[in-house]
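At position 180 of the sequence shown (counting the first as 1) the number is 245 in my numbering, and the numbers step up by one without a gap.
Quick reminder that beta carbons are idealized off the backbone N, C-alpha and C, glycines included.
Keep in mind it's a predicted model, so treat the numbers as computed, not measured.
Notes follow the structure.
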Amino acid sequence: MSFDLAGIWLVVASFLAGALNAVAGGGSFLSFPAILGVGVPPIQANATNTVALWPGQFTSIAAYWEDLKHNLKLIGPLGSAALIGGCAGGLVLLHTGQSTFMKLVPWLLLVAAILFAASGPISRWLNQRGRGVEETEVHPPMLPLFLLMIVVCFYIGYFGAGAGFLIMSLLALFGIQNIHQINALKVVTTTLANGIAVVVFIVRGQVLWQHCLLMMVTAALGGYLGAKGGKRLDPRLARAFVIAIGFSMAGYFFWRNAH
């Protein structure tokens with residue numbers, strides 16, 4: 066990869082994506098368009114972006130281990146749904162034509178931006194709903210939760226941005242009220258769904274490693290510095306910035322496809 070302006074922007078965007086994910090989420094709004102900008106075909110760009118950002122998700126599981134202990138019985142069904150849905154989404158992505166996927170990109174970014182914009186009200190609702198609720202074992206109706214989680218995880222394997230808030234809402238609607246338990250189960254589910262998609266992309270040779278490794282390093286550095294500096298940043302400003310970026314990128318790709 067030559068370090069022209071697009072290559073430099075990929076480094077900067079990956080760094081900022083890692084920082085955003087540490088502070089507010091939504092880093093893919095920057096990293097995915099950036100890797101497209103260096104000439105990577107859209108499907109390979111999505112696969113490479115998923116692989117590059119996945120290690121940061123995996124390492125976050127350890128932080129939620131104590132909260133997972135109360136719902137170990139849910140990890141099996143939710144993990145199975147994540148693996149089924151994520152694998153199916155990844156395979157369908159690889160069987161989508163490049164031009165077809167490129168036409169879907171602005172719509173996927175728009176959906177992700179809307180989900181992210183809704184995340185603030187969703188988080189407030191979850192916090193109010195779960196205030197004072199102790200971490201206890203819950204027994205939601207498993208079959209409908211399992212089937213709906215497969216659908217959400219299919220989206221994660223196919224594109225994925227913003228799906229975490231869908232999972233949080235789904236778990237809350239099925240009776241899980243403690244916000245820490247919801248976050249813990251969300252992290253495990255999204256990590257497994259993205260993880261199996263990562264395996265699919267690697268096995269099928271869809272990852273451009275010269276871009277991926279560079280993105281991994283710069284995103285990890287951005288995540289570390291973002292986590293340290295984010296404590297001094299107003300999260301509302303960070304969230305507003307991410308939402309603006311999301312809608313701007315969706316608008317740009319609508320314009321690009323029209324021309």
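In the DSSP annotation of this structure, the continuous segment of the alpha helix (DSSP H) that includes residue 132 starts and ends at 130 to 133.
For residue 179, the three-state secondary structure derived from DSSP is helix. Restricting attention to 228, 276, 262, 291, the CA atom closest to the CA of residue 179 is found in 228. For residue 248, the uninterrupted alpha helix (DSSP H) run begins and ends at 244 to 268, by DSSP.
Rounded to the nearest whole angstrom, the C-alpha separation of residue 161 and residue 153 is 12 Å. When Cβ pairs closer than 8 Å are counted between the two stretches, the region 257 to 264 is seen not to touch the region 240 to 249, the count staying below three.
Here residue 116 is buried, its C-beta having at least 16 other C-beta atoms within 10 Å. In this structure, residue 123 lies away from residue 308, with their beta-carbon atoms at least 8 Å apart. Just measuring C-alpha positions, the residue of 78, 71, 87, 79 sitting nearest residue 288 is 87.
If you compare the alpha carbons of 223, 170, 210 with that of residue 151, the shortest gap goes to 223. Its chain contains 150 as the residues whose beta carbon lies nearer than 8 Å to that of residue 216, once the 5 sequence neighbours on both sides are disregarded; these appear in chain order.
Secondary structure at residue 241: coil, using DSSP grouped into helix, strand and coil. Counting only residues of its own chain and dropping the five nearest sequence neighbours on each side, residue 157 has a CB closer than 7 Å to the CB of 223. According to the DSSP assignment, residue 142 belongs to the alpha helix (DSSP H) that extends over 137 to 159. For the options 207, 76, 97, the alpha carbon positioned closest to that of residue 138 is the one of 207. In the three-state scheme derived from DSSP, where H, G and I count as helix and E and B as strand, residue 224 is classed as coil. Below 8 Å, too few C-beta pairs join the region 166 to 176 and the region 280 to 287 to call them touching: fewer than three. For residue 145 and residue 324, the gap between their C-alpha atoms comes out near 42 Å. Between residue 174 and residue 318, the beta carbon gap of about 6 Å places them in contact (Cβ cut-off 8 Å). The DSSP-derived three-state label of residue 213 is helix.
Secondary structure note for residue 83: its alpha helix (DSSP H) is the uninterrupted segment 70 to 88.
Following the DSSP letters along the chain, one finds residue 127 in no alpha helix (DSSP H), marked with neither H nor E.
In the DSSP assignment, residue 101 falls within the alpha helix (DSSP H) that extends over 93 to 102. Excluding residues up to 5 positions away in sequence, 249 lie with their Cβ nearer than 6 Å to the Cβ of residue 133 in the same chain.
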